[in-house]
Amino acid sequence: MTLSRSVPAQVAPRARSRPGFTPLQLLALVLFAAYSLLPLWWVLVTIFKDNGQLFSSFGLWFASPGHLAQNWHTLVTRDDGIFLRWLLNSVLYAGASAIGSMFVSAAAGYAFSAYDFRGKNALFALILATIMVPGTALVLPLFLMMQKLGLLNTSWAVILPALVSPFGLYLMRLFWDAGFPRELMEAARIDGAGDWTIFRQLGLPLVRGGLVTVGLFAFVGAWNNFFLPLVVINRSELFPLTLGLSVWNQTSSSSGQEPLYTVIVLGALVSILPLLLAFLSLGRFWQGGLSSGAVKG
1 MTLSRSVPAQ VAPRARSRPG FTPLQLLALV LFAAYSLLPL WWVLVTIFKD NGQLFSSFGL
61 WFASPGHLAQ NWHTLVTRDD GIFLRWLLNS VLYAGASAIG SMFVSAAAGY AFSAYDFRGK
121 NALFALILAT IMVPGTALVL PLFLMMQKLG LLNTSWAVIL PALVSPFGLY LMRLFWDAGF
181 PRELMEAARI DGAGDWTIFR QLGLPLVRGG LVTVGLFAFV GAWNNFFLPL VVINRSELFP
241 LTLGLSVWNQ TSSSSGQEPL YTVIVLGALV SILPLLLAFL SLGRFWQGGL SSGAVKG
């Protein structure tokens, strides 16, 4: 007698259907995209106009004839081509601030992660509390410090304050705590490696995502910095782009000369390009750094 056992029929897994957008969600996305992209479109349209066309034509469309070449010539030749000097100053300030902030944040984060000392958590909390202090409230103390050090009207007056970042310290401590095992550190010390060797050769490659994230934030912050250079620098050849374009706008409007509205808009567009280049080239490290820091925290 043969016993037969029925085998249950396999049910094909039901494909998961992705939920579609509701009309309200789609409308919200369209409004958000328009809110975000229309100012950029206005900038792209404006650089092709002169001052007369700027006020006489429709703001969101091109006017004929175009004046892009004339605007560019004025931008790079006005005041003996000082715009290019401002551009180089911004690159210097932002680049030095990013590199310095990466090193300081990584070193401080390593110290908080690798060593146990009395008052460590209280000191760390105190440093994080400084994030709540508005940057403008620190400008006057920074001005007095730079005056005492004799650094007013120098590049150091802009670069040095940007080297210390409480957020950078916080992020780098997260990466050191989760990405650099204590066992590896102890093994390296047993083999005779010093702190500098452990930090530079073993640790930094493991926290690369955090370094790039801190560097990008420092670069963007220094690139967009306006108020601090306004206070500590009064020599036009040391201005960053943000301050230089603002001074152009004020002087051309108040001195009876023809305003430089479209030229300044073109300069503002040029000032965006290095930021776009930085995010496009390092975006994958930056996104990975933020997500890793969020998970590890």
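Numbering-wise, the UniProt record's numbering puts 202 at position 202 of the sequence shown, and it's gapless, one number per residue.
Note that beta-carbon positions come from the ideal geometry of N, C-alpha and C, so glycine has one too.
Alpha-carbon spacing of residue i relative to residue j, whole angstroms
i      : j      : result
Phe167 : Gly109 : 11 Å
Gly209 : Asn153 : 35 Å
Arg173 : Val76  : 44 Å
Gly119 : Leu126 : 10 Å
Tyr115 : Val212 : 24 Å
Ser56  : Ile47  : 15 Å
Asn224 : Leu68  : 25 Å
Gly194 : Asn249 : 54 Å
Thr22  : Tyr35  : 20 Å
Ser97  : Phe199 : 21 Å
Ser254 : Met102 : 42 Å
Phe175 : Ser165 : 15 Å
Ser64  : Phe124 : 59 Å
Val247 : Leu230 : 10 Å
Val45  : Ala137 : 38 Å
Glu183 : Asn89  : 44 Å
Val270 : Gln70  : 15 Å
Phe226 : Thr197 : 38 Å
Asp177 : Leu37  : 40 Å
Pro205 : Ala28  : 42 Å
Beta-carbon proximity check, residue i vs residue j, cutoff 8 Å
i      : j      : result
Ala157 : Val232 : yes
Val214 : Ser105 : yes
Val91  : Pro274 : yes
Leu142 : Pro161 : yes
Leu228 : Val139 : yes
Trp72  : Leu282 : no
Ala94  : Phe279 : no
Proximity winner among the options, relative to residue i (alpha-carbon distances)
i      : options                        : result
Gly135 : Leu40, Gln257, Arg284, Gly221  : Gly221
Gly66  : Asn51, Ala96, Val139, Arg189   : Asn51
Asn121 : Tyr170, Ser101, Ala137, Ala98  : Tyr170
Arg235 : Val164, Ala98, Ser155          : Ser155
Ile159 : Gly100, Ala33, Arg284, Val247  : Gly100
Phe217 : Ala137, Leu163, Gly179, Leu26  : Leu163
Arg78  : Leu37, Leu245, Leu276          : Leu245
Phe180 : Phe226, Leu276, Asp191, Ala111 : Ala111
Ala268 : Ile190, Leu87, Phe117, Pro205  : Leu87
Thr74  : Ser252, Ala33, Leu24           : Ser252
As assigned by DSSP and simplified to three states, the class of residue i
i      : result
Leu41  : With the sequence shown as reference, residue 41 is identified as Trp, and Leu is not the correct amino acid for it. Helix, per DSSP.
Asp195 : helix
Asn71  : helix
Ala162 : helix
Gly109 : helix
Leu224 : Here residue 224 turns out to be Asn, not Leu, going by the sequence shown. DSSP places Asn224 in coil when its eight states are reduced to three.
Phe83  : helix
Val295 : For Val295, the pLDDT reaches just 48, beneath the cut-off of 50, and the residue's location in the model is therefore unreliable, although a value from the coordinates is still provided. In the structure shown, Val295 sits in a helix (DSSP, three-state: H, G or I).
Pro229 : helix
Val36  : Before going further, note that residue 36 is Ser rather than Val in the sequence given. DSSP places Ser36 in helix when its eight states are reduced to three.
Pro134 : coil
Touch check for the segment 77-84 and the segment 235-255: three-plus C-beta pairs under 8 Å?
By the Cβ criterion, the segment 77-84 is in contact with the segment 235-255, since at least three pairs of Cβ atoms, one from each stretch, lie closer than 8 Å.
Contact between the segment 118-131 and the segment 144-157: three or more CB pairs below 8 Å?
Result no; under three Cβ-Cβ pairs closer than 8 Å.
Are the segment 244-264 and the segment 39-55 in contact at 8 Å, needing three or more beta carbon pairs?
Segment contact: the segment 244-264 against the segment 39-55, three or more CB-CB distances shorter than 8 Å; contact assigned.
Taking three-plus beta-carbon pairs below 8 Å as touching, is the segment 60-75 in contact with the segment 38-45?
Contact holds: three or more Cβ-Cβ distances are below 8 Å.
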